[in-house]
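Engineer:
Chains as they are written, first to last, in our numbering: chain A, 113 to 147; chain B, 10 to 359.
(1) State the CB to CB distance for the pair residue 39/B and residue 80/B, rounded to an integer number of angstroms; the pair is presumed to be in contact (CB under 8 Å).
(2) What are the boundary residues of the alpha helix (DSSP H) that residue 175/B is part of?
(3) Roughly how many angstroms separate the alpha carbons of residue 204/B and residue 352/B, rounded to a whole number?
(4) Select from 134/B, 343/B, 242/B and 249/B the residue whose C-alpha is nearest the C-alpha of residue 98/B.
(5) Keeping to the same chain, check which residues put their C-beta closer than 7 Å to that of residue 110/B; ignore five residues upstream and five downstream.
(6) For the region 86-95 of chain B and the region 307-326 of chain B, state whether three or more C-beta atom pairs, one from each stretch, are separated by less than 8 Å.
(7) Spatial neighbours of residue 128/A within its chain, please: CB distance less than 7 Å, with the 5 preceding and 5 following residues excluded, ordered by chain position.
(8) Closest Cβ-Cβ distance between residue 79/B and chain A: below 8 Å?
(9) Alpha carbon to alpha carbon, what distance is there between residue 250/B and residue 130/B?
(10) Please tell me whether residue 342/B has its Cβ less than 8 Å away from any Cβ of chain A.
(11) What in chain A is Cβ-close to residue 248/B, meaning under 8 Å?
(12) Taking the DSSP output, what are the residues bridged to residue 141/A?
(13) Tell whether a beta-carbon distance below 8 Å holds between residue 298/B and residue 118/A.
(14) Work out the CA separation of residue 184/B and residue 53/B for me, nearest whole Å.
(15) Determine, using beta carbons only, whether residue 175/B comes closer than 8 Å to chain A.
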């Protein structure tokens with residue numbers, strides 16, 4: 113099973129959204145995907 | 010008679026040994042393949058899409074029926090004395106952490122119940138930064154990035170992509186995305202020789218207006234995606250990634266192909282062919298959608314905000330062209346509020 117998220121986030125210079133994990137990383141519920 | 014009974018006494022153990030050897034060989038081959046894939050990934054080699062005969066064969070199998078049968082089988086109540094043995098065997102095979110289960114093993118009546126077990130309180134602290142988006146599940150991050158250009162395509166593997174609108178639904182409230190990145194767009198506006206469609210914004214729906222900074226003509230908001238795969242041993246409940254208002258639910262009936270790594274490399278449009286439930290709404294930064302995609306072994310999706318929803322139902326004929334069943338949550342435009350970390354759904358066996 114798989115979950116796909118699609119979302120809007122800021123990309124302006126002052127506040128740019130960035131993912132904080134790498135492809136293939138294990139992630140747990142509640143851990144940050146991006147900020 | 011004597012010869013016949015001697016033959017039978019040889020046949021049964023012989024067939025058993027042969028079956029065990031065959032299964033062992035298949036398992037060894039699978040481990041070898043997995044190791045090769047891991048080695049390639051470590052070297053930074055991208056796996057490419059490569060359809061094979063096995064993938065074509067899968068289309069002929071009644072996978073939805075198999076999935077429901079698997080669900081009935083695993084839903085059978087087990088004797089209390091047997092439960093710890095079965096669940097420990099499952100945990101050993103699929104690397105589950107039994108220490109995390111909320112209840113003692115004897116209290117899960119069936120494997121199906123054990124599979125969607127809750128976790129002990131506060132085992133998964135939720136990142137409280139209001140500007141962060143958290144993982145809704147335990148799993149492996151397969152892909153992520155920004156959606157750009159016409160079609161807003163999400164890559165399944167190298168050489169095979171699917172459009173976000175076919176994943177989420179043609180009626181989706183998906184906002185417009187820019188063709189090319191922000192800088193490319195600015196350049197395009199100055200370059201009149203470039204194709205007009207490349208520098209224009211395209212839309213699927215006007216429900217969410219584009220937001221742009223007039224001074225720099227640079228968009229303020231982008232559209233991002235993230236694909237997370239859950240292995241059979243993972244915790245299978247889905248939580249809210251942010252504080253958001255869920256406005257719409259869409260249920261797409263479809264196939265129930267396996268969702269493992271091999272399947273993503275061999276079955277075209279896997280994510281848009283499989284049965285799935287899509288939730289759409291708004292968070293502080295705009296649009297938010299979450300698609301829960303089923304597989305053969307985990308065929309049904311349970312929504313805690315809509316307990317009456319039934320997925321993986323028997324159907325006489327599966328029509329891919331059938332529009333999804335949609336429900337708009339009340340009150341219209343507000344929907345159902347879910348806080349970051351709240352339980353939203355669960356994947357069930359079968």
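Just so it is clear, CB atoms sit at the ideal spot from N, CA and C, and this is done for glycine as well.
The structure displayed is predicted, hence computed values, not measured ones.
Structural biologist: So, from the listed chains and residues:
(1) In the second chain, residue 39/B corresponds to position 30, counting from 1. In the second chain, residue 80/B corresponds to position 71, counting from 1. Not confirmed; about 24 Å, so no contact.
(2) Stepping through the second chain from its first residue, residue 175/B is reached at position 166. 173-177 is the extent of the alpha helix (DSSP H) around residue 175/B.
(3) On the second chain, position 195 is the one that residue 204/B refers to. On the second chain, position 343 is the one that residue 352/B refers to. Only weak support exists for where residue 204/B lies, its pLDDT of 36 falling under 50; the value from the coordinates is given anyway. Straight-line Cα distance between these residues: approximately 46 Å.
(4) Position 89 of the second chain, counted from the start, is the residue given in the question as residue 98/B. The shortest C-alpha separation from residue 98/B is found at 242/B.
(5) Here residue 110/B refers to the residue found at position 101 when the second chain is read from its first residue. Cβ within range, chain order: 126.
(6) no
(7) Here the question's residue 128/A lines up with position 16 in the first chain. Counting only Cβ-Cβ distances below 7 Å, and skipping sequence neighbours, we find 122.
(8) Within the second chain, the letter at position 70 stands for residue 79/B. No - not a single Cβ of chain A is within 8 Å of the one on residue 79/B.
(9) Within the second chain, residue 130/B is the residue found at index 121, counting from 1. Within the second chain, residue 250/B is the residue found at index 241, counting from 1. Approximately 18 Å, taken between the alpha carbons.
(10) Translated into the one-based positions of the second chain, residue 342/B becomes position 333. Answer no: the Cβ-Cβ gap between residue 342/B and chain A never drops below 8 Å.
(11) Taking the first residue of the second chain as position 1, residue 248/B is located at position 239. By Cβ distance, chain A contributes 141 and 142.
(12) As a first step, residue 141/A is located in the first chain; it is residue number 29 there, counting from the start. In the DSSP output, where bridge partners are listed per residue, residue 141/A has none listed.
(13) Here residue 298/B refers to the residue found at position 289 when the second chain is read from its first residue. Here residue 118/A refers to the residue found at position 6 when the first chain is read from its first residue. Against a cut-off of 8 Å, the Cβ pair of residue 118/A and residue 298/B comes out as a contact.
(14) In the second chain, counting from the first residue as 1, residue 53/B sits at position 44. In the second chain, counting from the first residue as 1, residue 184/B sits at position 175. The alpha-carbon atoms of residue 53/B and residue 184/B are separated by roughly 33 Å.
(15) In the second chain, the residue the question calls residue 175/B occupies position 166. Chain A contact via Cβ: absent.
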